[in-house]
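Numbering (my numbering), first residue to last: 39 to 375.
Cβ coordinates follow ideal geometry from the N, Cα and C atoms, glycine included.
Report on the structure given below.
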Ligand SMILES: Cc1ncc(C[n+]2csc(CCOP(=O)(O)OP(=O)(O)O)c2C)c(N)n1
């Protein structure tokens, strides 16, 4: 059964007091919003209300939120086919996200991007894309533009460990290090590339790839938002100060299938493995249990947050279902033809 080491955040000597109760609760709320969003996206798909398909991020929430909470609004992110969590963590609103999933005019790309192509330029989200490794080209290009414009922004490139087999990542890491670009490569290792364990697709060490270019690397427990967030804060500080690119490897797990249609998974991973991650390694549980233990919050606060989140998400689904489609005359606008 595939497991990874539990967090050793305490031993790493993080000063958790630099994040206050309100900020931790905000991070819990963001993770909870992503989870509720994804549950509802799944229902829209299974209820045949959503065109296409979607890749759920449930289980991986601590990475998107821990990373994006260390960024400013004008910092950039680039995302993947599993991108809803990244968009929401960077500040997108649930109603416009659902509208995009349903192809409605109120969506972030006027309904023309769908689940895998949501961009939100106002908040620095340069977009999700379905090309494995494609985010590396976009993020590194954004970092090049930051450098040329002389601002102190940072670009973050989210990608799955499947992209470690893509040449573009190596071309861009090489450039980023040579030319000292402000970019952080965030690898989300959820163990599987579609239906294949990474050990069957990825030779050698994951960190060794960035290290070969002289890029500093850090490895964290991606289920523990405290560890993700504090590590990311440190990296952002260094990159913003002009120290060049960095690489963050986060160990995580997707609770659901590769996409919403991947329901029978027994042939590539066991129920026992899935249950272990859901019960022992859940990012929402890890944060709430720690806060209760530290007397930073009582259990009812989390129940209330979840209730509020569910209300917001249900209202957003209704908004998106009732929203109009773009006018037919728009069919060739905002797209390459
Ligand atoms: C260049 C390219 N090759 C293959 C695919 C088909 N494909 C879609 S997702 C995926 C696996 C991606 O695995 P990973 O990068 O680890 O991300 P995860 O799905 O685990 O989040 C593959 C091979 C693709 N979209 N793009």
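Q | Assigned exposure category for residue 132 - 16 Cβ within 10 Å defines buried | A | Residue 132 is classed as buried because its beta carbon has at least 16 other beta carbons within 10 Å across all chains shown.
Q: Tell me whether the beta-carbon of residue 179 lies closer than 9 Å to the beta-carbon of residue 197.
A: No, Cβ-Cβ distance for residue 179 and residue 197 is not below 9 Å.
Q | Reference residue 76; option with closest CA among 236, 93, 106, 127 | A | Out of 236, 93, 106, 127, 93 has the C-alpha closest to the C-alpha of residue 76.
Q. Taking the runs of the beta strand (DSSP E) that are 3 residues or longer, which of them lie wholly in the segment 82–145?
A. With a minimum length of 3 residues, the continuous beta strand (DSSP E) runs that stay inside the segment 82–145 are 114–116.
**Q.** ligand 1 heavy atom lying under 8 Å from the CB of residue 105
**A.** No, ligand 1 has no heavy atom inside 8 Å of this Cβ.
Q: Could you tell me if the beta carbon of residue 301 falls within a distance shorter than 8 Å of some heavy atom in ligand 1?
A: False, no ligand heavy atom lies under 8 Å from that Cβ.
Q | residue 208 - DSSP class collapsed to helix/strand/coil | A | DSSP places residue 208 in helix when its eight states are reduced to three.
Q: With residue 155 as the anchor, note down where its beta strand (DSSP E) starts and where it stops.
A: Element bounds for residue 155: n/a, residue is neither H nor E.
Q. Quick one: does the C-beta of residue 155 sit closer than 8 Å to a heavy atom of ligand 1?
A. Incorrect: residue 155 has no Cβ contact closer than 8 Å to ligand 1.
Q: Look up residue 175 in the DSSP assignment and say whether it is helix, strand or coil.
A: Reduced to three states, the DSSP call for residue 175 is helix.
**Q.** Cβ pair residue 163, residue 119 closer than 9 Å
**A.** The answer is no: Cβ separation not under 9 Å.
Q. Going by the C-beta, is residue 170 closer than 8 Å to any heavy atom of ligand 1?
A. For ligand 1, at least one heavy atom lies less than 8 Å from the Cβ of residue 170.
Q. Where in the segment 194–240 do unbroken runs of the alpha helix (DSSP H), each at least 4 residues long, occur, reported from the N-terminal end onward?
A. Taken in chain order, the complete alpha helix (DSSP H) segments of 4 or more residues contained in the segment 194–240 are 205–216.
Q) What is the rounded straight-line gap between the Cα of residue 285 and the Cα of residue 174? A) The alpha-carbon atoms of residue 285 and residue 174 are separated by roughly 12 Å.
(Q) As a quick exercise: from 66, 71, 80, pick the residue whose alpha carbon is nearest that of residue 295. (A) That would be 80, whose Cα lies nearest to the Cα of residue 295.
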